[in-house]
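Reviewing the structure listed below.
2 protein chains.
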Amino acid sequence: MTLSTSGTPIEDDNAGQRRRTRQRRDVTVATVAKAAGVSRAAVSFAYNSPEQLSTETRSRILRIADSLGYAPDPVARMLTTRRSGAIGLLMVEPIETAFADQFMALFVGGLGQMCDRHGLALTLLPPLLGSSLAMAQAAIVDGVVTLGIAPDLPAMGALEQRHIPLVLVDSAPNDHWSSVQVDDEGGAVLAADHVRELGHQRVAILSFETHPAIGSGTYYVPAQRLAGYRRGLGAITPIIIETHSDAESGASATRRLLTETHPRPTAILAMSDALAIGALHACHELGIRVPGEISIIGFDGIPVTAATNPPLTTIEQPIAEKAITAMQRLLHELQDAVPLRRDHTFLTTRLIVRQSTAPPPPSD
Amino acid sequence: MTLSTSGTPIEDDNAGQRRRTRQRRDVTVATVAKAAGVSRAAVSFAYNSPEQLSTETRSRILRIADSLGYAPDPVARMLTTRRSGAIGLLMVEPIETAFADQFMALFVGGLGQMCDRHGLALTLLPPLLGSSLAMAQAAIVDGVVTLGIAPDLPAMGALEQRHIPLVLVDSAPNDHWSSVQVDDEGGAVLAADHVRELGHQRVAILSFETHPAIGSGTYYVPAQRLAGYRRGLGAITPIIIETHSDAESGASATRRLLTETHPRPTAILAMSDALAIGALHACHELGIRVPGEISIIGFDGIPVTAATNPPLTTIEQPIAEKAITAMQRLLHELQDAVPLRRDHTFLTTRLIVRQSTAPPPPSD
DNA sequence: CTGAAAGCGCTTACAG
DNA sequence: CTGAAAGCGCTTACAG
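If you want it as structure tokens, here you go:
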């Protein structure tokens, strides 16, 4: 069929070996049925309908199956049962960048706790070659938890068409799906109040991007937090600087902020702890003391904030609890075809005061 | 069939609604074929064999399919193509505990980078209700990367029987599968050398458990590190204390160590950064100065170690690179049915000296 | 319990 | 391009 790169025609006599398409299973129900001297149905019953078989026959079949190394093909099984045994996490970002923030590890940890308990696998569903729709169409999962997704994303329609139950986390609640979220606005108010009450007048907000590519996800959470910051700051007009969500980007945004703004802000409200840690790095580099010269407050309450230098004041949200609540909801919808009504859970946030915030320097 | 809990027999007239089994797809190849006035084969060709169709026919079919919200059922498709579009990560621990260490987030980030690039989903494969074998039999994946698995785990045999390509990370290399690992022993030698050269005489090792439940995973990596520590320490006999792998367990093990050992060790070799951070917490609590009274050195080089108080001296290993190398190997084996030979990649570690290590206090 | 069969929704030769 | 068909490996009524 094809020429070798050397130009010499080659007998392609081991083509079958090279490709692994059309690879058939060596041991199937038929193999086991024959070995056990029973019908194929009986083999299936041994796994799925124990009550149809005598205990002895069943255990004999299972024993023979085991000795042959047989287990039902999960794909074939799923074609009839319509169950894959996996839950999907639909995410807006690529896996790599998403896991750069410890938030993600904690969230996945929460989902995983429920998956472990119910014997489910967890499949990460990042955009497939940039397309969430493609991933939503190709994903082999029984249910999906979404994180920070715009409900009008085409992927959501695809999932709905496939009748895959869905629970939204960190999206604007709507009538279509159950959701779990946190009081992001209220948390941001707490952060801004804290800084204002300490006496700061010049405040900067380290913000996620609020003008993302169309259809690439919701920016509901950032918008909520921004609104909360503004409300809490009252008469103070903040400087807003936008950045990617990783600590490194947070650091370089902070560097810009601190070198180009005169007079310098005396407090930074960071939209995530990852950004706050980046800001901390930038201050260390520039020799600016925290909280002596500038106060920094984060958002999320990831564990590392307790161990940074100085320990970070932040707004804590129940990350794992969000995941667990969403999974409970999802498992529930997985059992009842048509849930009676949509359920919207709203969890609270709280301020944790540590050592990265203080009154502004006396000169101010 | 069943009685309600109240004891009243109930007409189960909406049972069909309650169960979601036997749910059929509403739009299939047949629907699209009819709508487009072509054969079912033509619809399939539009997706899989464009060269069989004229450009116009193909785009007409795809357009109609889109307007019907059709996409090929991934499960049915997989039954013939034998491809799922997902890579599995077989892990020994439950998801929750595994992701408590930032190591895991970085490793998954590396796998995810490759998955994103190749349009693959990533499925986490923790033990299914405690059984890795059950998970190995049920997983719907094209290939598997294992992390810290004993090669004689029954799950490995199941994967092999299913002809699922496999690459081992952090296992003892063997002839059966390709592997990627790091010079754990050499890294541990570096750590022990460092501490010995600073003049420490009383050294403790904060170790992972070395007697795990049978078949629950390999303890190859811990064994390698322990051997390295011993070699580097030379004539010094260490105190060894075993603990679970999370920071919290590391902290309580350290608390025990510091209160029950007299005289106290002046240096701690922690088998992971997570454990080292736990040890740091314990020292802070007990009012023991680091590195003034006790030196601590970690292992892994996760980013947070640069931001702790004090910044942690540690042995850095290329975590993401390990994942990426394993994925490259796996993708390669996914193309060639029988790889010509097994490939064993061996990556190096290096010492990063920061501020958590110093000479022992003068009294010693 | 058996045995023959239909069905899950695709893909893929095959003859035309 | 079509159309009829086989096949992927199961599960699940069905009559006996």
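Chains V and L supply the protein sequences, listed in that same order. Those letters in the first sequence? Residues 86 to 449, per the numbering used here, in order. Those letters in the second sequence? Residues 86 to 449, per the numbering used here, in order. Glycine is no exception: its CB is placed at the ideal position from the N, C-alpha and C atoms. Just so you know, these numbers come straight off a predicted model, no measurement behind them.
Runs of alpha helix (DSSP H) wholly within the segment 386 to 425 of chain L (minimum 4 residues, chain order): 404 to 420
Secondary structure of Gly317 (chain V), DSSP reduced to three states: helix
Asn394 (chain V) at chain L interface by Cβ criterion, 7 Å: yes
Within 7 Å (strictly less), CB to CB, does Val230 (chain V) reach chain L? no
Spatial neighbours of His429 (chain L) within its chain, please: C-beta separation below 6 Å, excluding the five flanking residues on both sides. Pro258, Ser264
Below 7 Å on C-beta distance, what does Phe431 (chain L) contact in chain V? Within 7 Å Cβ-Cβ: nothing; Phe431 (chain L) doesn't reach chain V, min ~24 Å.
What does Gly170 (chain V) touch in chain L if you count any residue whose Cβ is under 7 Å from its own? Ala223
Considering only C-alpha positions, which residue in the set V:Leu138, V:Leu218, V:Ala190 is nearest to Leu175 (chain V)? V:Leu218
Nearest to His248 (chain V) by alpha carbon, out of V:Arg167, V:Pro323, V:Tyr305, V:Met189? V:Arg167
Rounded C-alpha distance that separates Thr390 (chain V) from Val114 (chain V): 54 Å
Chain L contact for Gly197 (chain V) (CB, 7 Å cutoff): yes
Residue-chain proximity (Pro459 (chain V), chain L), Cβ-Cβ < 7 Å: What is shown of chain V runs 86 to 449, which leaves residue 459 (chain V) out entirely.
In angstroms, rounded to a whole number, what distance separates the CA positions of Phe188 (chain V) and Val193 (chain L)? 14 Å
Using only alpha-carbon positions, find the residue among V:Gly272, V:Ala240, V:Glu245, V:Thr231 that is nearest to Ala253 (chain V). It should be noted that the sequence gives Leu, not Ala, for residue 253 (chain V). Looking at the Cα atoms, V:Thr231 is the closest of the given residues.
Taking DSSP's pairing of strands, which residues face Ser380 (chain V) in a bridge? V:Ala352
Given Trp262 (chain V), which residues of its chain have a CB within under 6 Å of its CB, disregarding the five upstream and five downstream residues? Leu251, Leu253
Residue range of the alpha helix (DSSP H) that includes Arg439 (chain L): Taken as a continuous stretch (DSSP letters only), Arg439 (chain L) belongs to no alpha helix (DSSP H), as it is neither H nor E.
Can you pull out the residues from the segment 173 to 184 of chain L whose beta carbon lies closer than 7 Å to at least one beta carbon of chain V? Pro179, Ile180, Glu181, Phe184
Give the secondary structure of Val123 (chain L) by DSSP, where H, G and I count as helix, E and B as strand, and everything else as coil. coil
Establish whether the CB of Thr142 (chain V) and some CB of chain L are separated by less than 7 Å. no
Please classify Phe293 (chain L): is it buried, with 16 or more other beta-carbons within 10 angstroms of its beta-carbon, or exposed? buried
Bridge-paired residues (DSSP) for Gly170 (chain L): Gly170 (chain L) is not bridged to any residue.
Own chain residues within Cβ distance below 6 Å of Gln440 (chain L), not counting five before or after: Pro395, Pro396
Please name the residue or residues paired with Ala206 (chain L) in a DSSP beta bridge. L:Ala171
Could you name the residues of the segment 361 to 385 of chain L whose beta carbon sits closer than 8 Å to any beta carbon of chain V, in the order they occur along the chain? Ile362, Leu365, His366
Apart from the five residues just before and just after Ala443 (chain V), which ones in its own chain have a Cβ nearer than 8 Å to its Cβ? Leu283, Pro376, Gly377, Ser380
Below-7 Å beta-carbon distance, Gly335 (chain V) vs any chain L residue: no
Between which two residues does the beta strand (DSSP E) harbouring Val288 (chain L) extend? 288 to 293
What residue does the beta strand (DSSP E) around Ile326 (chain L) start on, and which one ends it? 324 to 328
Which two residues bound the contiguous alpha helix (DSSP H) that contains Thr140 (chain V)? 140 to 152
Per DSSP, Met176 (chain V) forms a beta bridge with which residues? V:Leu232
Alpha carbon to alpha carbon, what distance is there between His329 (chain L) and Phe384 (chain L)? 15 Å
Check the DSSP bridge columns for Phe192 (chain L) and list the partner residues they point to. Phe192 (chain L) pairs with nothing; no bridge assigned.
Cβ of Gly194 (chain V) within 7 Å of any chain L Cβ: yes
DSSP-derived helix/strand/coil call for Ser217 (chain L): helix
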